[in-house]
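Undergrad: One structure, as structure tokens, below. Some questions next.
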Amino acid sequence: MHSSLTSVRPALRPGFSSPDELWKEILKHIRYTLGQSRVDLSPKGMLRPLALAIRDRLIDGMLETEERYRTTGAKRLYYLSMEFLMGRVLSDNLCNLQLNELCRDTLAEHGVDLNEVLDTEADTGLGNGGLGRLAACFLESLATLGLAGFGYGIDYEYGMFTQEIQDGYQREKPDRWKKHGTPLQIPRPDQSVHVPIYGRCDAHARTAQWSDQKLVLGIPSDLPVAGYGGRTVNYLRLFAAHASEEFDIQIFNRGDYIRAVEQKIAGENISRVLYPSDQVKSGKELRLLQEYFLVACALRDILRAFLADNNDLNQIPQKIAIQMNDTHPALAVPELMRLLIDEHGMEWKPAWEITQQTLAYTNHTLLPEALEKWSLPLLEHVLPRHMNIIYNINHDFLLKVVQSDPLDFERTRRMSIIEEASEKQVRMALLAIVGSHSVNGVSELHSELIKKTLVPDFAKMFSERFNNKTNGVAHRRWVLKANPGLSDLLNRTIGDDWILDFDQIKRFEGVADDAGVCSEFREIKRENKQRLAKVIAQATGVLVDADSMFDVHIKRFHEYKRQLLNLLRITYDYLRVTEDGETLTTPATYIFAGKSAPAYIAATQIIKLINNVARTINSDKRVNEQIKIAFIPDYRVSLAEIIIPAADLSEQISTAGMEASGTGNMKLAMNGALTMATLDGANIEMLEKVGSDNMYIFGLTAKEIAERQAKGFQPREIYDADPRIRRVIDVLSSDRFSPNEFGLFRWVYETMVYRDRYFHLADLPSYIETHERAQRDFTDRDNWSRRAMLNVARMGKFSSDRTIVEYASDIWHLAGERQSVAV
């Protein structure tokens, strides 16, 4: 770990002295908080009183942590993100407070099973995919490292959606994650903030007056985030939108009750649902309002906390660091400028210096469609003052661009924050870059591609501003909590130092050749597979063999993530068995899970295709003892915690150059899955650590793909030249898998043969050959287990602790405590 983080032993938070004390606290909350005279010993009935008893200890920890930060004058990090995929927060905090055994014993004395209680907690519906899960991992590492780091997000009433599969199709249902309450959440209505929107202002003046705004009220609540050992308890602050009485009452008093109610509903819609559809104008406006609501609430709250202890705004960069997680919070740039100038009376130049020195930006994507742009008319309508500020930021910035190269007009056009297209748009990624002192990618390849292909002009102009911070994951969540069998084996063989210093996991390599340990490791994996097999049977009705290879592809559905490539290869094996009479080297169970954005038609079509192929194969007696396919609906963190420890092979097969990093790859390898991968994102860095003998690498590189794109890639030539590929495409696009829906999958042929933007056909031959090698290797179970153990042992780099230490040292300039395992 970095030298700036000193090593100390954690002073464990006072817990409960005995099961009796904990039970008394539970009974107190049943009576005085829930207002109940009888004790409901059902798992569902015990969740809230147990959580409330634990919350009391977390609040003690939060208050003591805050006092420590104030006493030491700690610099604070605020992490702004549209998503925080926290999973089940009670079980995570119990693990880090080391209260699992006490809770288990306490409840067992009254005939209650702790696991059954924890299983009734809903996953927090605050995120969609890797972006939100990364943010959650970062918060856990910040707390464990003793750093003053806090998350800011939106308290969505509904999460992404609950996914159901009906006749193979994804169907979306409201994610009512708050239906039974969120007992760990701490309401903070006294710290509510007002957020101005709409109105008008002078289009030119730098100190323009913003008038006639409407106001939305942001009401916060906190989710505690305990670091391991409980010495530090930080929090995630979430804001819910409510109509502000300042304008509702005026309308109501004029007698227009209906309009008052309509405005109340409109205001509260801002935090109603994660990512409203932007396919229609009203959806675009709501999404813009969401992004502004997040930064406006966060920045006003951050400045209020700062001014409570400081009276010199020029000290903000020394006391505060703000990280924008992707482009969604980029409006923090003009909003911080607005607050400093309009509400605190600063001049433009010092306000701009403070803004740049305080803000930092993480880019998470190279896909053009994911780099947000907002039309000028929409921004001028919703946020007229911010549009005014953006004009002025762009004016000042382009003066510097022109000064550095007065004759390169094309360069000036490329670097302008405002895109001069048929419809003028604000390029939010460029706004974030110009307004930040640091811009980082999330893997070495991704960071290089940002500089070389995404924004090369900016990288040349601000070379010192660009850096890499390879992602990591919270290994305490994904190994210690999710895989207790493996954790126990690690503790017995190498000690428990790995819990707080994941570099120590390398010592596990020393027992990889021990036949006894290897056998234990294999048995733990099999137990995890049996547990997953039960979940699959319950969720899908598909019965799978725990002794088959569990080949896992779990992630958000997107064409570049290439779930379709996986299905092409499975279909190839299916045809080998049913038409060529071959026997596969080893039986395999292919496990898919993930959601598609409802409006992303191509991805929803792939989900339907997978399910139809699964239905055919699973019911075909010629092949279903060699191949099974299970699509587990409603992928979420708590489900991932069951799937990941059970995986034998991890599919990380995105088109090279398109996955920024990936974190599922890390979680799966930490749990002993071997990786099937392209040279994309963090796969490259995993290969450097794990070694080519312990991963399966295939496919074109990012450079080779760029070269083919430049020459004009023609997938039809591959289709015509390779009979294996032609047979697979023809079968999938025929009606074999949709006998009652003629022409349903004709898109497979059209997409693969004439477009194939994501190079499925170019990589398929290599993928087939590499997969056959993996299947042969799996038959040698002893050697496979040894290599799986080496994967676990060589993943030390990929803890989010390491990532956070690098951010803290290089970008945020925070000092904290590096804790050791308590004895």
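The sequence shown begins at 741 in this note's numbering and counts up one residue at a time.
Ideal Cβ placement from N, Cα and C applies to all residues, glycine included.
1) Which two residues bound the contiguous alpha helix (DSSP H) that contains residue 731?
2) Quick one: grab the DSSP three-state call for residue 1554.
3) Taking DSSP as the reference, what is the three-state secondary structure of residue 1560?
4) For a quick check, are the C-beta atoms of residue 1176 and residue 1096 less than 8 angstroms apart?
5) Between the Cα of residue 1322 and those of 1362, 1339, 1309 and 1303, spot the shortest distance and give me the residue it belongs to.
6) Work out the CA separation of residue 858 and residue 1392 for me, nearest whole Å.
7) So, are the CB atoms of residue 1279 and residue 1373 less than 8 angstroms apart?
8) Within the same chain, show all residues whose beta-carbon is closer than 7 angstroms to that of residue 1396, passing over the 5 residues directly before and after it, in chain order.
9) Under a three-way DSSP split, which group does residue 1292 fall into?
10) Using only the alpha-carbon positions, how far apart do residue 1455 and residue 1466 sit?
11) How would you write the range of the beta strand (DSSP E) that residue 1390 sits in, first residue to last?
12) Taking DSSP as the reference, what is the three-state secondary structure of residue 968?
13) Are the stretch 818-825 and the stretch 1027-1043 touching, with three or more C-beta to C-beta distances below 8 angstroms?
14) Rounded C-beta distance between residue 977 and residue 892? I'm assuming under 8 angstroms.
15) Whole angstroms are fine: how far does the CA of residue 1510 sit from the CA of residue 755?
16) Near residue 1130, what residues of its chain come up, given a Cβ to Cβ distance below 7 angstroms and the 5 sequence neighbours on each side ignored?
17) Quick one: using the 10 Å Cβ neighbour count with 16 as the cut-off for buried, is residue 1140 buried or exposed?
18) CB-CB under 6 angstroms to residue 876, same chain, minus the five flanking residues each way: which ones, in chain order?
19) What residues in its chain sit with their C-beta under 7 angstroms from that of residue 1163, if we drop five residues either side in the sequence?
20) List the whole-angstrom C-beta distance separating residue 1103 from residue 1179, where the pair is believed to meet the contact cut-off of C-beta under 8 angstroms.
21) Please determine, among 790, 1058 and 1298, the residue with the shortest C-alpha to C-alpha distance to residue 767.
22) Checking 8 angstroms against the spacing of the C-beta atoms, do residue 1183 and residue 1207 come in under that value?
23) Go to residue 913, then tell me how far its beta strand (DSSP E) extends in each direction, as first and last residue.
24) For a test of the three-state rule: what should DSSP assign to residue 1419, helix, strand or coil?
25) Using the three-state DSSP reduction, which class does residue 1454 fall into: helix, strand or coil?
26) Hey, how far is the Cα of residue 1407 from the Cα of residue 1215?
27) With 16 as the cutoff for other CB atoms within 10 Å, does residue 1423 come out buried or exposed?
28) DSSP three-state call for residue 1201: helix, strand or coil?
29) Starting from the Cα of residue 1359, find the closest Cα among 1468, 1314 and 778 and give me that residue.
30) Answer with buried or exposed for residue 1020, where buried requires no fewer than 16 other C-beta atoms within 10 angstroms of its C-beta.
31) Near residue 780, which residues of its chain fall below 6 angstroms by C-beta distance, leaving aside the five closest residues on each side in sequence?
32) So what does DSSP say about residue 1448, is it helix, strand or coil?
33) In whole angstroms, what is the alpha-carbon distance linking residue 1556 and residue 972?
34) Between the C-alpha atoms of residue 1225 and residue 1264, what's the straight-line distance to the nearest angstrom?
35) Name the residue from 1190, 828, 1486 and 961 whose alpha carbon lies nearest to the alpha carbon of residue 928.
36) Quick one: which unbroken beta strand (DSSP E) runs of 3-plus residues sit fully inside the stretch 874-918? Chain order, please.
TA: Working from what's here:
1) The displayed coordinates of the chain run from 741 to 1563. Any statement about residue 731 would go beyond what the structure contains.
2) Translated into the one-based positions of the sequence shown, residue 1554 becomes position 814. It is coil, neither helix nor strand.
3) By one-based count along the sequence shown, residue 1560 stands at place 820. Low confidence applies to residue 1560: its pLDDT is 40, below 50, so where it sits in the model is not reliable, and the reading given next is rough at best. Coil.
4) Against the sequence shown, residue 1176 aligns to sequence position 436. Against the sequence shown, residue 1096 aligns to sequence position 356. Yes. Within cutoff.
5) The count along the sequence shown starts at 1 and reaches residue 1322 at position 582. Selected option, being the one with the closest Cα: 1362.
6) As a first step, residue 1392 is located in the sequence shown; it is residue number 652 there, counting from the start. As a first step, residue 858 is located in the sequence shown; it is residue number 118 there, counting from the start. Rounded to the nearest angstrom, the two C-alpha atoms are 31 angstroms apart.
7) Translated into the one-based positions of the sequence shown, residue 1279 becomes position 539. Translated into the one-based positions of the sequence shown, residue 1373 becomes position 633. At the C-beta level, residue 1279 and residue 1373 come within 8 angstroms of one another.
8) Here residue 1396 refers to the residue found at position 656 of the sequence shown. Excluding the 5 residues flanking it on each side, residue 1396 has same chain C-beta neighbours closer than 7 angstroms at 1418, 1419, 1420, 1439, 1440, 1441, 1442 and 1445, in chain order.
9) Here residue 1292 refers to the residue found at position 552 of the sequence shown. Note: residue 1292 maps to strand in three-state DSSP.
10) For this step, residue 1455 is matched to residue 715 along the sequence shown. For this step, residue 1466 is matched to residue 726 along the sequence shown. Going from the Cα of residue 1455 to the Cα of residue 1466 covers about 11 angstroms.
11) Here residue 1390 refers to the residue found at position 650 of the sequence shown. In the DSSP assignment, residue 1390 falls within the beta strand (DSSP E) that extends over 1389-1392.
12) Position 228 of the sequence shown holds residue 968. Correct three-state label for residue 968: coil.
13) Using a Cβ-Cβ distance cut-off of 8 angstroms, the stretch 818-825 and the stretch 1027-1043 are in contact, since at least three pairs of beta carbons, one from each stretch, lie closer than that value.
14) Locating residue 977 in the sequence shown gives position 237, where the first residue counts as 1. Locating residue 892 in the sequence shown gives position 152, where the first residue counts as 1. In this structure residue 977 is in contact with residue 892, their Cβ atoms being roughly 5 angstroms apart against a cut-off of 8 angstroms.
15) Here residue 755 refers to the residue found at position 15 when the sequence shown is read from its first residue. Here residue 1510 refers to the residue found at position 770 when the sequence shown is read from its first residue. Residue 755 and residue 1510: Cα-Cα distance of roughly 51 angstroms.
16) Counted from its first residue, the sequence shown places residue 1130 at position 390. Hits under 7 angstroms: 1074, 1157, 1166 and 1171.
17) If you number the sequence shown from 1, residue 1140 lands on position 400. For residue 1140, the number of other beta carbons within 10 angstroms of its own is below 16, and it is reported as exposed.
18) To locate residue 876, count along the sequence shown from 1; it is residue 136. Closer than 6 angstroms at Cβ, skipping near neighbours: 824, 825 and 826.
19) Within the sequence shown, residue 1163 is the residue found at index 423, counting from 1. Cβ neighbours of residue 1163 within its own chain (closer than 7 angstroms, five residues either side excluded): 1115.
20) Position 363 of the sequence shown, counted from the start, is the residue given in the question as residue 1103. Position 439 of the sequence shown, counted from the start, is the residue given in the question as residue 1179. Yes, they are in contact, since the Cβ atoms of residue 1103 and residue 1179 sit about 7 angstroms apart, within 8 angstroms.
21) Numbered from 1 along the sequence shown, position 27 holds the residue referred to as residue 767. Ranking 790, 1058 and 1298 by Cα distance to residue 767 puts 790 first.
22) If you number the sequence shown from 1, residue 1183 lands on position 443. If you number the sequence shown from 1, residue 1207 lands on position 467. No.
23) Within the sequence shown, residue 913 is the residue found at index 173, counting from 1. Note, residue 913: beta strand (DSSP E), 909-913.
24) The residue given as residue 1419 occupies position 679 in the sequence shown. In the three-state scheme derived from DSSP, where H, G and I count as helix and E and B as strand, residue 1419 is classed as coil.
25) Against the sequence shown, residue 1454 aligns to sequence position 714. Three-state DSSP puts residue 1454 in coil, outside helix and strand.
26) Position 667 of the sequence shown holds residue 1407. Position 475 of the sequence shown holds residue 1215. C-alpha separation (whole angstroms): 8 angstroms.
27) Taking the first residue of the sequence shown as 1, we reach residue 1423 at position 683. Burial of residue 1423 is indicated by the presence of at least 16 other C-beta atoms within 10 angstroms of its C-beta.
28) Mapped onto the sequence shown, residue 1201 falls at position 461. Correct three-state label for residue 1201: helix.
29) Sequence index remark: in the sequence shown, residue 1359 carries index 619 (1-based). Ranking the options by Cα distance to residue 1359, first place goes to 1314.
30) The count along the sequence shown starts at 1 and reaches residue 1020 at position 280. By the neighbour-count rule (16 or more Cβ atoms within 10 Å), residue 1020 is not buried but exposed.
31) Sequence index remark: in the sequence shown, residue 780 carries index 40 (1-based). Excluding residues within five positions, none has a Cβ falling inside 6 angstroms.
32) By 1-based counting over the sequence shown, the position of residue 1448 is 708. DSSP places residue 1448 in helix when its eight states are reduced to three.
33) The count along the sequence shown starts at 1 and reaches residue 1556 at position 816. The count along the sequence shown starts at 1 and reaches residue 972 at position 232. Residue 1556 and residue 972: Cα-Cα distance of roughly 10 angstroms.
34) Residue numbering aside, residue 1225 sits at position 485 when the sequence shown is read from its first letter. Residue numbering aside, residue 1264 sits at position 524 when the sequence shown is read from its first letter. Each residue's alpha carbon lies about 6 angstroms from the other.
35) Position 188 of the sequence shown holds residue 928. For residue 928, the nearest C-alpha among the options comes from 961.
36) Those beta strand (DSSP E) runs which fall completely within the stretch 874-918 and span 3+ residues are 889-894, 902-906 and 909-913.
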